[in-house]
Structure formats: structure tokens, C-alpha cells
Amino acid sequence: MEKISTSLSLMRRLPPNKIEQNLSGLLNLLPNETDELLQRVDQPLKESLDTETGRKFLLCDYNRDGDSYRSPWSNKYYPPIDDGFMPTEKLRIMEIESNELFDAYRELYFEGGISSVYLWDLDNGFAGCFLIKKKVEGNRFVKDGVWDSIHVIEAIEESNSKAHYKLTSTVMLQMNVDKQEVGQTLLSGSLTRQTELVSQYGDTKSHISNIGRMIEDMETDIRSNLNELYVLKTREIVSSIRSTSGPTQAASHIATLNAAVSGHGKARKVDSEA
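Per my numbering: the sequence shown = residues 21 to 294.
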């Protein structure tokens, strides 16, 4: 466990835009901890194509079985395998409905991108992973950028009408700015937040409704934090280092300099008369 803790601490201190490269190096050093590290370290989401439905889906550790990944649209693995993990029939119905609703949410809030939802059974409930990936290219100031949302939910049914939900959300943001007006820079980072909720439920639709509200509120909060705390703070720091309007001086300092020059001029005049 000490190796895992040290590895996670190291990953938090390494450049966030090189997560995959850094993680690969750790896996080479600690091959016996591969599964644990892959589950604990969030990586930028990759995409693949479901050839049966023609729809793209996102790859993560939660839909991986060996070297194959399950599509939420057809429920098939790519590359194909014979004994891959499959959700129960009841959970699969809920997964299909969750994917359709989350796809509508993605289109409404992100106006593009890819989304995927994966669910699996727990002893007293179920768990799921809600993913969104949005790429930006050729924006006014951003040359290219990527937003990755990873929401992992655990729902424990405490009774026939009450459930305890625990949500862990991670957002990874990367922006490559390369414009004459603003210069060239690379802004990247990640933010993780957790929240819990105890709520009533009646059927699978109420589960989806409760989870959907939690994810919507969480993404709104994370977006606000990224914009107000990180982006604006970065701009404030850069502006304090170097002013774009040229050197400026306080009025009192300028007045002091003028008085000194004036006094020096008077002294020289007295000397010349003497």
C-alpha cells in the first residue's frame, strides 16, 4: 500500500499534460501494481467506434476486460472476446436508458463531444461511470483543447425506498493557446471533487434522476472553480509579473522624483552664482 500511496503522490506533482507517459513509467517500475494503479489514476479518455451501431464510445478502466472494451450501445466487446463481463438484464436496461439521457445532457451542455455510461452490480446496489469527452479545435484563442469528465457513482440501497449515493468526479482540462494576440502557452490540470446524497427512490428512473441531478450540480461547481479559481487566478498572476501597458509608477513616487530634481537644479544655480 505504501508503493501505491507514493506513486499517487508522485503523479500529483508531475505535469498533468503527461499523465499517460508518467503512468506508463510507473507501471514499468511496479508491474505487480498495474491493476491498482490503473484504477486509482484517471487518464485522458480515449475513444473507439462501435462498428455495429456506427456510434463512438469512450474507453476507460470500467468497461475494460483484458485488452478489450465494451461498447454501451451494442453491449459488445472490441476486439471481440468470448467471456467478457456483462451487466445483468435489469442493469443493462438501466444502462441503455442512462446512455440515451446522458447523451442528451452532453448535447445540451457541451454542444458536441462523446458520452458513455457503464453500470455494474454491487452487493446492495449498483455502481456506474458517466463519461464525457469534448474536443475544441480552431477556436478564436485556443488552438486545440480537451475537456474530460469522469463521474463514478456508487448507489447503495439502504431500504426499499431509500438509497445512499456517493459521487466522485474528476475533470481534466487541457488548452493549447497559440495566437499572435495572446502568445503561446499550455494550460492543463485536473480537479477532483466528492459529494454524497441520501434520497428516496421508487424505480430505476428515480435512480437515474437522482444521479443526473448530482452530476449536473457537480459539473456546474467544477466549471465555476476552474474558471474563477484557476483561470482568473493565473491571469492575475501573469498580469502582476509583467504589465502589458508598459512601466507605470505611483503618483507619490513621481512627485518625490520631481522634487528631488528640482531641488538639485536650485542647488546647482546657487553654486554657479557663487
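The beta-carbon is built from N, C-alpha and C at its ideal position, and this holds for glycine as well. All of these numbers come straight from a predicted model, not from anything done at the bench.
Checklist entry - With DSSP run on the structure shown, which of helix, strand or coil describes ALA279? => result Along the sequence shown, one-based indexing puts residue 279 at 259. Helix at ALA279.
Checklist entry - Are the Cβ atoms of SER189 and ARG213 separated by less than 9 Å? => result As a first step, residue 189 is located in the sequence shown; it is residue number 169 there, counting from the start. As a first step, residue 213 is located in the sequence shown; it is residue number 193 there, counting from the start. Cβ atoms of SER189 and ARG213: closer than 9 Å.
Checklist entry - Bridge partners of ALA147, per DSSP? => result For this step, residue 147 is matched to residue 127 along the sequence shown. For ALA147, which the question treats as bridged, DSSP gives the partners TRP140, GLU174.
Item to check | Whether LEU50 touches LEU58 by CB criterion (9 Å) | outcome: Numbered from its first residue, the sequence shown carries residue 50 at position 30. Numbered from its first residue, the sequence shown carries residue 58 at position 38. Not a contact, by the Cβ cut-off of 9 Å.
Checklist entry - Do LEU78 and GLU115 come within 9 Å of each other at the CB atom, strictly closer than that value? => result Residue mapping note: residue 115 aligns to position 95 of the sequence shown, counting from 1. Residue mapping note: residue 78 aligns to position 58 of the sequence shown, counting from 1. Going by C-beta atoms, GLU115 is not nearer than 9 Å to LEU78.
Item to check | Reference PRO36; option with closest CA among GLY209, LEU28, LEU142 | outcome: Taking the sequence shown and counting its residues from 1, the one referred to as residue 36 is at position 16. Cα-wise, what sits closest to PRO36 is GLY209.
Checklist entry - Can you give the Cα-Cα distance for LEU151 and GLU67, rounded to whole angstroms? => result If you number the sequence shown from 1, residue 151 lands on position 131. If you number the sequence shown from 1, residue 67 lands on position 47. In a straight line, the C-alpha of LEU151 is about 11 Å away from that of GLU67.
Checklist entry - Which first and last residues belong to the beta strand (DSSP E) in which GLN194 is found? => result Reading the sequence shown from its first residue, position 174 is the one you call residue 194. 182-199 is the span of the beta strand (DSSP E), which, as asked, contains GLN194.
Next on the checklist: For a quick check, are the C-beta atoms of ASP141 and LEU111 less than 9 Å apart?
Outcome noted: The sequence position of residue 141 within the sequence shown is 121, counting from 1. The sequence position of residue 111 within the sequence shown is 91, counting from 1. Against a cut-off of 9 Å, the Cβ pair of LEU111 and ASP141 comes out as a contact.
Item to check | Buried or exposed (CB count within 10 angstroms, at least 16 for buried), LYS153 | outcome: Counting from 1 along the sequence shown, the entry for residue 153 is found at position 133. Classification of LYS153: buried, given that the 10 Å Cβ count is 16 or more.
Next on the checklist: Helix, strand or coil, according to DSSP, for GLN63 in the structure here?
Outcome noted: Counting from 1 along the sequence shown, the entry for residue 63 is found at position 43. Residue state, collapsed to three classes: coil.
Checklist entry - Across which residues does DSSP place LYS96 in a beta bridge pair? => result The residue you call residue 96 lines up with position 76 of the sequence shown. Bridge partners of LYS96: none, in fact.
Next on the checklist: Could you pull the DSSP bridge partners for ASP70 from this structure?
Outcome noted: Along the sequence shown, one-based indexing puts residue 70 at 50. In DSSP, ASP70 forms a bridge with ARG75.
Checklist entry - In terms of alpha-carbon separation, which member of THR276, VAL172, GLU177 lies closest to ASP297? => result Since the first and last residues shown for the chain are 21 and 294, residue 297 lies out of range.
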